[in-house]
Amino acid sequence: MTQIRDNAAGIYFHVPFCVRKCPYCDFYSVLVTAQLCEVYTDAVCCNLAAYAAPVVVDSLYFGGGTPSLLLPQQIERILQTAARCFSISPDAEVTLEVNPATVNEAELQNLLRAGINRLSVGVQSLDSGELSRLGRLHTAQQAVQTVEAAAHAGFSNLSCDLMLATPGQTEETLTRTLTQLTALPISHISAYLLKIEPGTPFDAAQIRRQCPDEDVAAELYLHAVALLERAGFLQYEISNFAKPGCESRHNCKYWRCKPYLGIGPAAHACWNGKRFFVPSSLSAFLDAPVQSTVLEDDNPCTREEAIMLGMRLSEGVPEAWLTQKTAEIERLCRAGFLRHFDGRVAFTPKGFLVSNTILAQLLD
């Protein structure tokens with residue numbers, strides 16, 4: 164697993180811009196304009212100055228939305244401001260989410276020069292029918308070309324997003340996608356089971372009928388875990404797989420209760436001993452001298468929360484944290500949902516599928 168400095172923090176930037184919103188997505192975003200990107204960059208830099216502190220930061224993450232819609236010079240300005248306001252580690256992991264076909268090789272080279280050293284490419288599928296049903300703007304060929312162009316531009320740390328149990332997906336189509344995907348010059352894959360969110364265009368009976376049922380979705384997930392392991396991508400979290408040493412440093416902070424600052428509308432944070440989020444309003448974010456926040460928890464990272472988050476990881480948690488549940492743990496191990504190793508307890512892939520139910524039992 165990736166080693167994280169005990170006191171190092173992360174910074175997350177929510178970039179709320181899209182060319183068109185995907186019908187399954189409920190993340191906050193608005194239609195992009197050049198002017199909005201510029202004033203958003205100004206606001207982010209102002210907020211970085213407002214939060215400035217002598218804190219070591221070893222991961223920065225641009226999520227969205229479609230962060231690759233920002234110009235490389237805007238991203239560079241944000242990173243330069245962050246470097247003035249915090250102590251950025253020389254080896255910091257700096258990730259940008261990219262939608263295929265939104266960048267060319269020259270722009271990718273500019274992103275690398277701007278300070279981005281890790282890309283997360285929103286592939287989702289390499290099956291043309293699945294991409295169409297998901298409402299994606301790119302083709303399978305464009306997704307492959309984007310990954311290859313990024314590698315050619317000089318990126319050595321590349322991740323791809325994949326969606327499981329999407330409308331019309333079968334074990335055969337998933338196998339083809341994974342075979343092609345793992346042959347690309349990438350070191351990390353995030354594979355998420357589709358969750359139909361209320362209020363999205365996907366929240367319709369017609370779409371639900373096209374999706375694999377719960378049992379088939381579970382089979383697709385376990386099939387993906389097995390194929391990825393055979394290809395050298397080891398599961399380190401419920402939905403994340405990496406070649407050894409290439410786990411996402413930034414995302415591991417969330418699951419290990421490490422501090423991270425969130426900037427931008429709809430961003431979340433665990434900072435200065437408090438957990439809070441920014442309201443989902445771009446106009447409010449742009450108008451305020453410092454982003455407004457809503458307190459979620461003034462005492463985060465309790466033992467219970469550390470167990471809930473830590474059990475998302477394949478490394479699990481120390482068994483000593485669950486001493487009162489020894490009999491229950493033994494039963495779940497025999498049933499194939501949990502496993503013991505080196506004084507720790509963790510979910511198996513089968514257990515991850517019902518993790519919420521099991522955690523409720525363990526924390527009762």
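Residues in the sequence shown are numbered consecutively from 164, following our numbering.
Using N, Cα and C, we set each Cβ at its ideal position, and we do this for glycine too.
Check, Outcome
"Nearest residue (CA-CA) to Y175, options A197, E256 and E493", "E256"
"Three-way DSSP call (helix, strand, coil) for T165 in this model", "For T165, the predicted structure reports a pLDDT of 47, less than 50, and the residue's modelled location is therefore unreliable. The matter cannot be settled from this model."
"A528 to G506 span [Cα, whole Å]", "Nothing about residue 528 can be reported from this structure: the residues present for the chain run from 164 to 527 only."
"Closest residue to L516 among S322, G427 and E382 (Cα-Cα distance)", "E382"
"Cβ separation of L282 and F225, assumed to be a contact under 8 angstroms, to the nearest whole Å", "Not really, about 10 angstroms apart at Cβ, beyond 8 angstroms."
"Three-state secondary structure assigned by DSSP to P330", "coil"
"Nearest-angstrom Cβ-Cβ length linking G228 and H301, presumed shorter than 8 angstroms", "Contact flag wrong, Cβ pair sits at about 16 angstroms."
"Range of the contiguous beta strand (DSSP E) that encloses W434", "H431 to W434"
"Reference T489; option with closest CA among L397, L289, V508 and A429", "V508"
"Whole-angstrom distance between T244 and H386, CA atom to CA atom", "44 angstroms"
"Straight-line Cα distance separating F396 from Q343", "14 angstroms"
"L526 in three-state terms, based on DSSP", "coil"
"Segments of 3+ residues assigned as beta strand (DSSP E) that fall wholly inside the stretch 311–363", "321–327 and 351–356"
"Span separating the alpha-carbon of T329 from that of C323", "17 angstroms"
"Meets three-Cβ-pair contact criterion under 8 angstroms: the stretch 206–224 and the stretch 450–464", "yes"
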